[in-house]
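Chemist: In this note's numbering, each residue's number is its place in the sequence shown (first place is 1) plus 11. My questions all concern the structure below.
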Amino acid sequence: MIKIPYWIKVHTLLVKYKQIILNIFLTLQILGMGIIVSGFYLFSNFTEVFILIAQRGNSLGTLALLLFLTTLLPGIFSRFKVFPLVGASIVLFRRQIGILMFIVAMIHSFYVSTIPAVMTGTFGPEFVTSREILGSLSLIILLPVWLTSNNISQKFFGKFWINIQRLTYFALIAIFAHVALTSYKSALIALIVLLLEIFSWMNVWFFSKKNNPSAELDS
Ligand code: HEM
12 MIKIPYWIKV
22 HTLLVKYKQI
32 ILNIFLTLQI
42 LGMGIIVSGF
52 YLFSNFTEVF
62 ILIAQRGNSL
72 GTLALLLFLT
82 TLLPGIFSRF
92 KVFPLVGASI
102 VLFRRQIGIL
112 MFIVAMIHSF
122 YVSTIPAVMT
132 GTFGPEFVTS
142 REILGSLSLI
152 ILLPVWLTSN
162 NISQKFFGKF
172 WINIQRLTYF
182 ALIAIFAHVA
192 LTSYKSALIA
202 LIVLLLEIFS
212 WMNVWFFSKK
222 NNPSAELDS
């Protein structure tokens with residue numbers, strides 16, 4: 012197992028302040044939902060505020076991408092058997108990172124695309140670009156993952172729950188295609204993680220003695 016020196020101190024701090032960090036995530040999620048639902052109102056009544064957020068649209072897309080990729084790292088680390096403690100640190104907040112990711116991606120898509128299109132009447136099949144179709148596909152694939160990222164759903168769906176969570180792999184492909192049409196840098200980052208995903212699974216299937224990756228980190 013490859014380890015990062017001193018990470019134990021970082022991990023200890025994260026464990027110590029876990030509840031505070033979870034509260035920060037919750038606050039950001041509520042704030043994000045507020046930004047989404049007030050979008051149409053801002054467009055009509057506070058256009059400057061809307062434009063201010065819309066101008067950050069691409070950065071929000073990049074943030075959503077990075078949050079999404081972060082949620083995939085523990086699984087990759089565990090399959091390659093590297094950085095176990097870093098993986099465990101991310102797992103402490105993975106569910107909250109995933110929920111926040113979806114909300115940030117929604118703000119991104121609503122502000123760069125949906126709200127301006129609806130409010131200016133340029134909404135419909137003749138106006139939709141392939142970039143928007145692929146972006147929407149990513150969100151549609153992630154919707155069940157987002158909706159079931161809680162303890163109640165985990166208990167309700169039992170063993171099937173992990174299959175719902177594995178939809179993230181399909182979302183990764185759709186997200187890669189979406190960003191490949193826009194940003195070379197983002198596409199490169201997504202491609203690296205996509206390849207790491209593929210190689211890490213190949214590592215488990217073909218080179219691991221036991222064909223049983225750490226279910227705990229991959230769940
Ligand atoms: C999981 C969901 C999504 C992620 C992770 C994501 C991520 C990104 C990223 C990283 C970029 C490039 C930013 C840059 O150029 O630096 C981008 C651009 C863009 N995205 Fe998304 N996106 C998502 C969903 C959507 C959806 C649902 C839509 C629309 C329906 C959308 C519409 C766009 C548009 C129009 C651009 C180009 C903006 C411009 O160049 O001005 N995205 N997205």
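We treat Cβ as the ideally placed atom computed from N, Cα and C, and that holds for glycine. Please read all numbers here as calculations on a predicted model, not as lab measurements.
Does the beta-carbon distance from residue 185 to residue 149 come in below 8 Å?
Modeler: Sequence index remark: in the sequence shown, residue 185 carries index 174 (1-based). Sequence index remark: in the sequence shown, residue 149 carries index 138 (1-based). Closer than 8 Å, so yes.
Chemist: Taking 8 Å as the threshold, find out whether the region 204–211 comes into contact with the region 79–86 through three or more Cβ pairs.
Modeler: Result yes; three or more Cβ-Cβ pairs closer than 8 Å.
Chemist: Go ahead and label residue 208 buried or exposed: buried means 16 or more other beta carbons lie within 10 angstroms of its beta carbon, across all protein chains shown.
Modeler: Position 197 of the sequence shown, counting from 1, holds the residue named residue 208. Residue 208 is buried by the Cβ-count criterion.
Chemist: Using 8 Å as the Cβ pair cut-off and three pairs as the minimum, do the region 169–180 and the region 136–144 touch?
Modeler: In short, these stretches do not touch, since the Cβ pair count stays below three.
Chemist: What residue ranges within the region 48–134 form continuous alpha helix (DSSP H) runs of no fewer than 4 residues, ordered along the chain?
Modeler: Whole alpha helix (DSSP H) segments, 4+ residues: 50–56, 58–66, 68–91, 95–120 and 126–130.
Chemist: For residue 98, is the classification buried or exposed, using 16 other Cβ atoms within 10 angstroms of its Cβ as the cut-off for buried?
Modeler: For the purposes of this step, residue 98 is taken as residue 87 along the sequence shown, with counting starting at 1. By the neighbour-count rule (16 or more Cβ atoms within 10 Å), residue 98 is buried.
Chemist: Considering only their Cβ atoms, is the gap separating residue 50 from residue 122 smaller than 8 Å?
Modeler: On the sequence shown, position 111 is the one that residue 122 refers to. On the sequence shown, position 39 is the one that residue 50 refers to. Closer than 8 Å, so yes.
Chemist: What's the C-alpha gap between residue 213 and residue 39?
Modeler: Taking the first residue of the sequence shown as position 1, residue 213 is located at position 202. Taking the first residue of the sequence shown as position 1, residue 39 is located at position 28. Using only the alpha carbons, I get a separation of about 36 Å.
Chemist: Assuming residue 103 and residue 25 make a contact with CB atoms under 8 Å, what is their CB distance in whole Å?
Modeler: Start at 1 with the first residue of the sequence shown, and residue 103 comes out as number 92. Start at 1 with the first residue of the sequence shown, and residue 25 comes out as number 14. Sure, about 6 Å apart at Cβ, within 8 Å.
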